[in-house]
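Sequence lines, in order, name chains R and L.
Going by the working numbering, the first sequence opens with residue 1279, and the numbers climb by one from there.
Going by the working numbering, the second sequence opens with residue 68, and the numbers climb by one from there.
C-beta: ideal position from N, C-alpha, C; glycine also.
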Amino acid sequence: MLTDAKLLTQLQAGDDASFELLFQRHYNRIYHILYRLLGNKADAEDVAQSVFLKLYQSPHWVRLQGDEANVAGWLYRVAVNMGYNTLRSQKRRQMRQERWGWLWPFSASTDPADISASNDLQTGVRQTLARMKPREAKLLVLRHSGLSYKELAVILEVAPGSIGSLLTRAERAFAQKYRLAYPEQE
Amino acid sequence: MPIDEGKLRAYLDHALSPEERALVEQQLIDLPEVQAVLDKLNRERHDVAPYLAAIGPSPHQEPEAGQAWGRFQTRMSGQSKSTKPNRLEERINNMVNQPFIKRYQPLIILFTVVAIIAIALSFAPVRTMASNLLRVFRVQSVQVVSVEKEDMEALRNNPNLERLIDQLEPQLDVAEDSEPEKVDSLDEAADKVEFRIAQITALPAEAGNPTITVLRQKVVQLQLDKALLEAVFEAAEIEVELPDSLNDEPVVITHPDTVEQTWHREGEKSLEFIQMPAPSIEYPDGLDLDELGVASLQLLGMSAEEAKALGATIDWANTMVLPVPNNGDVDVEEVVINGAKGLVFANPDSEDDRAAVSWTRDGMSYFLAGKYPAGEMVDIAKSVQ
């Protein structure tokens, strides 16, 4: 089986078949991460496509950013960043809609689907994550999307040996904030 | 020896090397308190896991890589069958076209976004100087440029524009993080800002007392990418030269303190007045922005000749170009407010009266929006002292 690094090199040389292999290999994991962040299939699929489009259009960026042999780490990092950007854009649009929608009659929203699932638990979890330190929230989402300590260390740019304590701290922060905000949902 | 919770957690997650694992297991045998900590960590892990699992996809929302690949190929071939709008189109629509007034107002957002569009599309102009100091550009007037639908299409299809937006959008987020501060009076607002607060002296009869908020100054630093910016123009077959300093020195946009007053009528917002010192943009020396201003006009759809002709009439030292889509949603007209040039925005097809007025005078920028006819809004603007 060809490694990611080998496929990347071939992609950089213009081999689209290598890109398809990378896509099939990593799509599901990327989708899972984005689904956890965004809360719905349509947005997760849309942003996942954009992540791979970025790789397709700029495969040299992976090397330039130092991830010479770690296509997966690059994809996860891009996915998390794009996911957060999408959340922030949605929040800005929602705020603008609330703020300025009164002014124009044709304020039919083009906003994407609601970022919160209708389920109260899911909403509570996402809102709790939104209130945490971004790195801690990212760590929890990525870990529970199935990433290993080694993968997490690369994405978060920390030593693998520190993931255990970072994870413990993040989970405690989540538990504390969730209990505070939703005592009745426990 | 202190108990290493991180290592114990990694032990629970089977993330230790065989040697490290053996050490932990020895510790568990030798020190009962370590087992207690391990049990506690395990409980905490199990307590949180169901919550994080709850936000994962349910079985019918699982990914379908095969179908996703098909959609990706279709997207790449440009024959999208998806009902979702193209993401770049959606973002440009949201940025400029839908309706653009929502994107550009209030001024604190207006000048952030317009500055970005101006920088991304038009580049706030400055004359080249043989100085090592940063040049400062302060917005004193706005030049409206009408953009045709087909030119917006061309922008949408610019392959590098999305990459540029990708780069710039996250850097903008800093500007929107803090909350506005409600105050009880303009005197209280005046204590918090460093400019003289102007007042509307001829309010509509039913206006009542406003809600007053103060938004504090924000500074946004944008690190641009020379190669990417050149690629945006190159994709549109426009020649422009950019200095290397763009890669080394950020563009710094300062949103000053802002005072906002809002009036309500029958429970709904009826009038809003925003004022702030004109925002400023500092950017690297060496940028020949007369040339860049003209190139940007071409990017908005003008021919080289038209762009040169219009460019020659613009005072590039203090003018920001505001692209306005020519799709009939918004009428924009020039107006004079107490000697200062301004713009009136109105929706000609609106069922009820709504309009907005913006103007800049003596270093201050003002924006007024309300559910009144355009003429009345201009009268209200003229009463500002």
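How close, in whole Å, do the beta carbons of residue i and residue j come, if the pair is a contact with beta carbons under 8 Å?
i        : j        : result
H1310(R) : P124(L)  : 7 Å
Q128(L)  : K1284(R) : Contact flag wrong, Cβ pair sits at about 33 Å.
V1349(R) : K1416(R) : Incorrect: roughly 19 Å between the Cβ atoms, too far for contact.
S337(L)  : G409(L)  : 21 Å between Cβ atoms; not a contact.
G1442(R) : A82(L)   : 7 Å
L1407(R) : L1399(R) : At roughly 13 Å, the Cβ-Cβ gap does not stay under 8 Å, so L1407(R) and L1399(R) are not in contact.
L1280(R) : V1340(R) : Incorrect: roughly 16 Å between the Cβ atoms, too far for contact.
V445(L)  : V402(L)  : 6 Å
L1289(R) : F1297(R) : 5 Å
F262(L)  : M431(L)  : 7 Å
L1312(R) : V1325(R) : 5 Å
Would you please verify whether the beta carbon of residue i is less than 8 Å from any beta carbon of chain R?
i       : result
L253(L) : no
D80(L)  : yes
G73(L)  : yes
A448(L) : no
R154(L) : Residue placement at R154(L) is flagged as unreliable, the pLDDT there being 41, under the threshold of 50; a coordinate-derived value is accordingly withheld.
R112(L) : yes
L435(L) : no
Y350(L) : no
F139(L) : yes
R283(L) : no
V115(L) : yes
P69(L)  : no
I279(L) : no
G123(L) : yes
W136(L) : yes
Quickly, what does DSSP pair residue i with across the bridge? List them, please.
i       : result
W330(L) : L338(L)
L435(L) : F340(L), V424(L)
I404(L) : A407(L)
Q413(L) : A quick correction: the sequence has Ala, not Gln, at residue 413(L). Per DSSP, D398(L), A422(L).
I320(L) : V287(L), I348(L)
E248(L) : V281(L)
T325(L) : L282(L)
Y307(L) : The question names Tyr, but residue 307(L) in the sequence shown is Val. V307(L) is not bridged to any residue.
V451(L) : I267(L)
Need the endpoints of the alpha helix (DSSP H) that residue i sits in, please.
i        : result
S266(L)  : It is Gln, not Ser, that sits at residue 266(L) in the sequence shown. No alpha helix (DSSP H) holds Q266(L); DSSP gives it neither H nor E.
V1419(R) : 1412–1421
H113(L)  : 99–121
H1310(R) : 1294–1316
N314(L)  : 312–315
E373(L)  : 371–380
Y1456(R) : 1441–1459
A1408(R) : 1398–1409
V1436(R) : V1436(R) -> no alpha helix (DSSP H), and no H or E assigned at all.
E129(L)  : No alpha helix (DSSP H) contains E129(L), which DSSP labels as neither H nor E.
L1285(R) : 1282–1290
Grab the span of the beta strand (DSSP E) containing residue i for me, first residue to last.
i       : result
T280(L) : 278–282
L289(L) : 285–289
L349(L) : As written in the sequence, residue 349(L) is Glu, which differs from the Leu given in the question. First-last of the beta strand (DSSP E) with E349(L): 347–350.
E72(L)  : No beta strand (DSSP E) holds E72(L); the alpha helix (DSSP H) holding it covers 72–79.
Strictly under 8 Å for the Cβ-Cβ distance: is residue i near chain L by that measure?
i        : result
L1381(R) : In this prediction, L1381(R) scores a pLDDT of 43, lower than 50, which makes its location untrustworthy; the coordinate-derived value is nonetheless stated afterwards. Yes, its Cβ sits closer than 8 Å to a Cβ of chain L.
S1296(R) : no
A1459(R) : no
A1408(R) : no
R1327(R) : Looking at the sequence shown, residue 1327(R) is not Arg but Gln. At least one chain L Cβ lies under 8 Å of Q1327(R).
Y1354(R) : no
K1222(R) : Nothing in the structure corresponds to residue 1222(R), since chain R is present only between 1279 and 1464.
S1396(R) : Annotation note: pLDDT 44 at S1396(R) (below 50); position unreliable, coordinate value reported separately. For S1396(R), the answer is no, since every Cβ of chain L falls outside 8 Å of its Cβ.
E1435(R) : no
H1310(R) : yes
K1319(R) : yes
Please determine if the stretch 300–310 of chain L and the stretch 332–346 of chain L are in contact, where contact requires at least 3 C-beta pairs separated by less than 8 Å.
-> no
On the three-pair Cβ rule with 8 Å, is the stretch 68–80 of chain L touching the stretch 130–141 of chain L?
-> no
Taking 8 Å as the threshold, find out whether the stretch 353–370 of chain L comes into contact with the stretch 323–333 of chain L through three or more Cβ pairs.
-> no
Inter-stretch contact at 8 Å, needing at least 3 Cβ pairs: the stretch 309–318 of chain L / the stretch 286–296 of chain L | yes
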